[in-house]
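2 protein chains.
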Amino acid sequence: MPQKRSLETREKILKAATAAFSRDGFDATGVAEICAAAGVSKGAFYHHFQSKQEVFLKLTEEWLSGLDQQIQRLAASAEDVPQALWQTAKIAPAVFADARGQVPLFLEFWRQANRDPQIWQATVAPYHRYTEYFAGMIRQGIEEGSLREMPPEVGARILVSLAVGLLLQGALDPEGADWGTLVGDGVRLLLEGMGANSKREWRSTLDGE
Amino acid sequence: MPQKRSLETREKILKAATAAFSRDGFDATGVAEICAAAGVSKGAFYHHFQSKQEVFLKLTEEWLSGLDQQIQRLAASAEDVPQALWQTAKIAPAVFADARGQVPLFLEFWRQANRDPQIWQATVAPYHRYTEYFAGMIRQGIEEGSLREMPPEVGARILVSLAVGLLLQGALDPEGADWGTLVGDGVRLLLEGMGANSKREWRSTLDGE
Numbered sequence: 040m041p042q043k044r045s046l047e048t049r050e051k052i053l054k055a056a057t058a059a060f061s062r063d064g065f066d067a068t069g070v071a072e073i074c075a076a077a078g079v080s081k082g083a084f085y086h087h088f089q090s091k092q093e094v095f096l097k098l099t100e101e102w103l104s105g106l107d108q109q110i111q112r113l114a115a116s117a118e119d120v121p122q123a124l125w126q127t128a129k130i131a132p133a134v135f136a137d138a139r140g141q142v143p144l145f146l147e148f149w150r151q152a153n154r155d156p157q158i159w160q161a162t163v164a165p166y167h168r169y170t171e172y173f174a175g176m177i178r179q180g181i182e183e184g185s186l187r188e189m190p191p192e193v194g195a196r197i198l199v200s201l202a203v204g205l206l207l208q209g210a211l212d213p214e215g216a217d218w219g220t221l222v223g224d225g226v227r228l229l230l231e232g233m234g235a236n237s238k239r240e241w242r243s244t245l246d247g248e
Numbered sequence: 040m041p042q043k044r045s046l047e048t049r050e051k052i053l054k055a056a057t058a059a060f061s062r063d064g065f066d067a068t069g070v071a072e073i074c075a076a077a078g079v080s081k082g083a084f085y086h087h088f089q090s091k092q093e094v095f096l097k098l099t100e101e102w103l104s105g106l107d108q109q110i111q112r113l114a115a116s117a118e119d120v121p122q123a124l125w126q127t128a129k130i131a132p133a134v135f136a137d138a139r140g141q142v143p144l145f146l147e148f149w150r151q152a153n154r155d156p157q158i159w160q161a162t163v164a165p166y167h168r169y170t171e172y173f174a175g176m177i178r179q180g181i182e183e184g185s186l187r188e189m190p191p192e193v194g195a196r197i198l199v200s201l202a203v204g205l206l207l208q209g210a211l212d213p214e215g216a217d218w219g220t221l222v223g224d225g226v227r228l229l230l231e232g233m234g235a236n237s238k239r240e241w242r243s244t245l246d247g248e
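For the record, the sequence lines run as chains A and B. Reminder that position 190 of the first sequence reads as 229 in the numbering used here, one-by-one numbering, no gaps. Reminder that position 69 of the second sequence reads as 108 in the numbering used here, one-by-one numbering, no gaps.
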């Protein structure tokens, strides 16, 4: 089954690259090193990927698409938009645990994005996508009357920025606070600022618990 | 006047380092390069600074202490805490313009902070300081009755995280949004979520203007 073997090779490369990037950083990791750790030839590597940039982008894509599925599943069962956003915030602790290895890589990529237009494009795409997703939800909340009037993309950018800020601080200073729980607190404060009814079942550390 | 000359040398080094770090990145810039650009000897450099790390930390410190002064000046004239925080948010556009050159360096430093305990300490210190500063303001707001009961440090961490997230996205995608103005919108949403009276004079893009 050559196709199965090819998929296995691809998985081996992705797994070895994840470990090497996390340990040594993106810049310091070479394709040769990834191949050695994965136990594959350079030919096999370049059959699957054009470059280590592409490997990194693929890893990010897989991480984010797993996240998207979780977000959509959590939002689907909610009764209205504030509840959907509040449910979404509940995945934060798990996301933070996952992201601890990823964030230093993001930082490195961000830095490169300042210099390389192609990497820049790939780096900003997820932010745009999440901003559009949350803008759609906020628009729906305004229509259903669960949120007050506001330009939806303004609210969405603020939600995304809060998440980015918490993720980055959480990566820098993991023991400094309960970052995952803070996402819930922050989303709740923003939702209340956006006019969501505060008599909801959203007890959190804001209540001093 | 040897003391004046010594101060001038120090300024020349800081100025040359700022330009070199911004252009080439922190890793890629050597002490020799900074000395050449500043027109000073290595001996003069090491008279003032132990390492390029120290130069960077000094640059950050100067940037932040300028920021602190602005924040305190703006907050001093406010009638209550929500107004003080709203005033503080108004410096954001200027901070964002300043930070555009600094943020790629911060990213690089953050990445190093993940590996070097001394750099880590220097990197997290400003976050702790701002969190304490804003926690103090929120505590005052709760006492004066302009904000509702909550653990002040939770609210403070969320304010700081929002600012960090907006700064980083603003650095990555400067043309993507009016990031400086978004700080005001975000602070306003959080303050309203924290129970601040919404009949204030805080018109912003949230009103569709």
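For every residue, glycine included, the Cβ atom is placed at its ideal position computed from N, Cα and C.
How is residue i classed by DSSP in three states: helix, strand or coil?
{"i": "Glu-248(B)", "result": "Its pLDDT being 48, under 50, Glu-248(B) is placed unreliably in this model, and the coordinates cannot settle the point."}
{"i": "Val-70(A)", "result": "helix"}
{"i": "Met-233(A)", "result": "coil"}
{"i": "Glu-183(B)", "result": "helix"}
{"i": "Gly-215(A)", "result": "coil"}
{"i": "Pro-156(B)", "result": "helix"}
{"i": "Glu-188(B)", "result": "coil"}
{"i": "Val-222(A)", "result": "helix"}
{"i": "Ser-200(A)", "result": "helix"}
{"i": "Val-193(A)", "result": "helix"}
{"i": "Phe-65(A)", "result": "coil"}
{"i": "Ser-45(A)", "result": "helix"}
{"i": "Ile-52(B)", "result": "helix"}
{"i": "Val-79(B)", "result": "coil"}
{"i": "Ala-59(B)", "result": "helix"}
Measuring alpha carbon to alpha carbon, tell me which residue in the options is nearest residue i.
{"i": "Ala-59(B)", "options": "Thr-48(B), Phe-95(B), His-87(B), Tyr-85(B)", "result": "Phe-95(B)"}
{"i": "Ala-195(A)", "options": "Tyr-169(A), Ser-104(A), Ile-181(A), Val-163(A)", "result": "Tyr-169(A)"}
{"i": "His-87(A)", "options": "Ser-45(A), Ala-75(A), Leu-98(A)", "result": "Ser-45(A)"}
{"i": "Glu-50(A)", "options": "Glu-147(A), Gly-64(A), Ala-77(A), Pro-213(A)", "result": "Ala-77(A)"}
{"i": "Trp-159(A)", "options": "Val-120(B), Ala-210(B), Leu-206(B), Leu-186(B)", "result": "Ala-210(B)"}
{"i": "Val-163(B)", "options": "Asp-212(A), Gly-223(A), Leu-221(A), Leu-206(A)", "result": "Asp-212(A)"}
{"i": "Leu-221(A)", "options": "Leu-98(A), Ile-130(A), Pro-156(A)", "result": "Ile-130(A)"}
{"i": "Ser-185(A)", "options": "Lys-43(A), Leu-124(A), Ser-116(A)", "result": "Leu-124(A)"}
{"i": "Leu-103(B)", "options": "Ser-61(B), Lys-91(B), Ala-161(B)", "result": "Ala-161(B)"}
{"i": "Leu-53(B)", "options": "Gly-64(B), Asp-66(B), Glu-93(B), Gln-208(B)", "result": "Glu-93(B)"}
{"i": "Ser-61(B)", "options": "Gln-42(A), Val-79(A), Asn-153(A)", "result": "Asn-153(A)"}
{"i": "Tyr-172(B)", "options": "Val-199(B), Leu-206(B), Asp-155(B)", "result": "Val-199(B)"}
{"i": "Ile-177(B)", "options": "Gln-108(B), Glu-101(B), Pro-190(B)", "result": "Pro-190(B)"}
{"i": "Cys-74(B)", "options": "Ala-67(B), Ala-55(B), Asp-155(B)", "result": "Ala-55(B)"}
{"i": "Tyr-166(A)", "options": "Thr-68(B), Asp-107(B), Gln-208(B), Asp-217(B)", "result": "Gln-208(B)"}
Do residue i and residue j have their C-beta atoms closer together than 7 Å?
{"i": "Leu-201(B)", "j": "Leu-228(A)", "result": "no"}
{"i": "Glu-188(A)", "j": "Ala-174(A)", "result": "no"}
{"i": "Val-120(A)", "j": "Gly-204(B)", "result": "no"}
{"i": "Leu-113(B)", "j": "Gln-126(B)", "result": "yes"}
{"i": "Ala-83(A)", "j": "Thr-48(A)", "result": "yes"}
{"i": "Gly-234(A)", "j": "Ala-128(A)", "result": "no"}
{"i": "Phe-135(A)", "j": "Gly-219(A)", "result": "yes"}
{"i": "Lys-91(B)", "j": "Val-70(B)", "result": "yes"}
{"i": "Gly-232(A)", "j": "Gly-232(B)", "result": "yes"}
{"i": "Leu-146(A)", "j": "Phe-65(A)", "result": "no"}
{"i": "Ile-197(B)", "j": "Gly-225(A)", "result": "yes"}
For residue i, go through chain A and note every residue whose CB falls closer than 8 Å to its CB, in chain order.
{"i": "Leu-221(B)", "result": "Val-193, Arg-196, Ile-197, Ser-200"}
{"i": "Pro-101(B)", "result": "Position check: residue 101(B) holds Glu in this sequence, whereas Pro was assumed. Within 8 Å Cβ-Cβ: nothing; Glu-101(B) doesn't reach chain A, min ~21 Å."}
{"i": "Glu-182(B)", "result": "Chain A residues near Glu-182(B): none, gap ~16 Å exceeds 8 Å."}
{"i": "Gly-82(B)", "result": "Near Gly-82(B) there are no residues of chain A at all, since even the closest Cβ is about 32 Å away, more than 8 Å."}
{"i": "Gly-64(B)", "result": "Arg-150"}
Quick one: which chain B residues come within Cβ less than 7 Å of residue i?
{"i": "Glu-147(A)", "result": "Arg-150"}
{"i": "Gly-78(A)", "result": "Within 7 Å Cβ-Cβ: nothing; Gly-78(A) doesn't reach chain B, min ~27 Å."}
{"i": "Asp-224(A)", "result": "Val-193, Ile-197"}
Note down, in chain order, every chain B residue with its Cβ under 8 Å from the Cβ of residue i.
{"i": "Thr-162(A)", "result": "Leu-211"}
Given that residue i touches chain B, what residues does it touch there, using C-beta distances under 9 Å?
{"i": "Tyr-166(A)", "result": "Gln-208, Leu-211, Asp-212, Gly-215"}
{"i": "Met-176(A)", "result": "None at all; the shortest Cβ gap to chain B is about 15 Å."}
Whose Cβ in chain A lies nearer than 9 Å to the Cβ of residue i?
{"i": "Val-203(B)", "result": "Ser-200, Val-203, Gly-204, Leu-205, Leu-207, Gln-208"}
Taking Cβ-Cβ distances shorter than 7 Å, what residues in chain A pair up with residue i?
{"i": "Leu-124(B)", "result": "Correct list: empty, because the minimum Cβ distance to chain A is about 13 Å."}
{"i": "Leu-229(B)", "result": "Leu-228, Leu-229, Gly-232"}
Could one say the Cβ of residue i lies closer than 7 Å to chain E's Cβ atoms, at least one of them?
{"i": "Glu-72(B)", "result": "Of the chains in the structure shown, none is chain E; the protein chains are A and B."}
Write down every uninterrupted run of the alpha helix (DSSP H) in the stretch 86-137 of chain A whose length is 4 residues or greater and which is fully enclosed by it, in chain order. 91-115, 120-128
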